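Peer 1:
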Amino acid sequence: MQTNTELLQAIMRELAAPGAGPSAAAAGAGLCGRVGHKFGPLVGPATLALLFGRSLETHRARFPWLPRSAEPAALERSFGAREAHEVAAATGAVLDTFITQMATQIGTRLTHQFLRSVFPAATPAPPQENPE
């Protein structure tokens, strides 16, 4: 089974992928928005807001520019004034905390299943058989 760290690293590769994708601000906010969109129906909007709010608050000392709200527009505005590496670090920290909290609420296995359904590239490759 993947660890939270391995799953988060796979998700964050999407933010770091080179190419003509969205700005770092839009990409970071988009990752958080996609996670929220997936878990919202399961835990409800109040719990989702609470978990994202706690995640943001946990990292506000390190990233004082993080918004109080996890709304994608607020995240994008906040991220928009930062360098790409700052956005990546903050997004990773917030999502790591959120994933840990969500796993506490609904279990690690279900949390990982939900995340892999949003980020198929985070699905680990099946083990290779030894051709002997």
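In the working numbering, the protein residues as written are 222 to 353.
Glycine residues also receive a C-beta, built at the ideal position from the N, C-alpha and C atoms.
Since the structure is predicted, the reported quantities are computational estimates derived from the model, not experimental observations.
Please state whether DSSP places arginine 234 in a helix, a strand or coil.
Peer 2: Helix at arginine 234.
Peer 1: Using the Cα positions of alanine 231 and leucine 287, report the straight-line distance between them to the nearest angstrom.
Peer 2: One C-alpha to the other measures close to 23 angstroms.
Peer 1: Based on Cα-Cα distance, which residue from Arg298, Gln326, Gln223, His333 lies nearest to leucine 271?
Peer 2: Nearest option by C-alpha distance: Gln326.
Peer 1: Where does glutamine 223 fall in DSSP's three states?
Peer 2: It is coil, neither helix nor strand.
Peer 1: Restricting to runs no shorter than 3 residues, where is the beta strand (DSSP E) found entirely within the segment 301-351?
Peer 2: List check, beta strand (DSSP E) in window: nothing returned.
Peer 1: Can you check whether the CB of alanine 311 is closer than 8 angstroms to the CB of phenylalanine 284?
Peer 2: Yes, these two residues count as a Cβ contact at 8 angstroms.
Peer 1: Below 8 angstroms on the Cβ atoms is my guess for phenylalanine 300 versus glycine 249; work out the distance and round it to an integer in Å.
Peer 2: With a Cβ gap of about 5 angstroms, phenylalanine 300 and glycine 249 count as contacting.
Peer 1: How close, in whole Å, do the beta carbons of alanine 246 and glutamate 297 come, if the pair is a contact with beta carbons under 8 angstroms?
Peer 2: Sure, about 5 angstroms apart at Cβ, within 8 angstroms.
Peer 1: Using three-state DSSP, classify serine 299 as helix, strand or coil.
Peer 2: Helix at serine 299.
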